[in-house]
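In my numbering, the protein residues as written are 210 to 353.
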């Protein structure tokens, strides 16, 4: 079994009603599909999915702008992303395996570095998802 533990981290300009939300946790068996959901209320059109393997730097998986794929950093067909709404960004990992264990980050920003000189003043709004092996005696997957 594979365990997904999610923790939300909000970095950026402090506002009272802006937020990022994520499904708290999920346990999957090998071969199942992982559905990761990132929602933000910052009004950003530019959204990113990153993966960080233990001891490594961030690896861009996807960048979408205004609901269209702008950049894909992975060639694996197991990773699929979609931005069906401006404030919603989805990442699906089909047929999960232990090697998919990593920290997954979602980030949003108003513009890219090429489009705005203001970006260095803004930290992206992030949340992280940790995928860790989880050992159980039962063969059934369940929520944590």
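C-beta: ideal position from N, C-alpha, C; glycine also.
- Within a 10 Å sphere around the beta-carbon of residue 249 sit 16 or more other beta-carbons, which makes this residue buried.
- Listed in chain order, the non-local C-beta contacts of residue 279 below 7 Å within the same chain comprise 272 and 273, local neighbours out to five positions each way being set aside.
- Residue 313: member of the beta strand (DSSP E) spanning 312-318, first to last residue.
- Under the three-state reduction of DSSP, residue 278 is assigned to strand.
- Annotation for residue 260: the continuous beta strand (DSSP E) segment containing it runs 255-261.
- Residue 296 holds the alpha-carbon nearest to the alpha-carbon of residue 254 among 246, 296 and 315.
- For the options 241, 320, 309 and 315, the alpha carbon positioned closest to that of residue 263 is the one of 309.
- With distances taken between CA atoms, residue 284 lies nearest to 269 out of 320, 312, 261 and 269.
- Just so you know, the alpha carbons of residue 303 and residue 314 end up roughly 18 Å apart.
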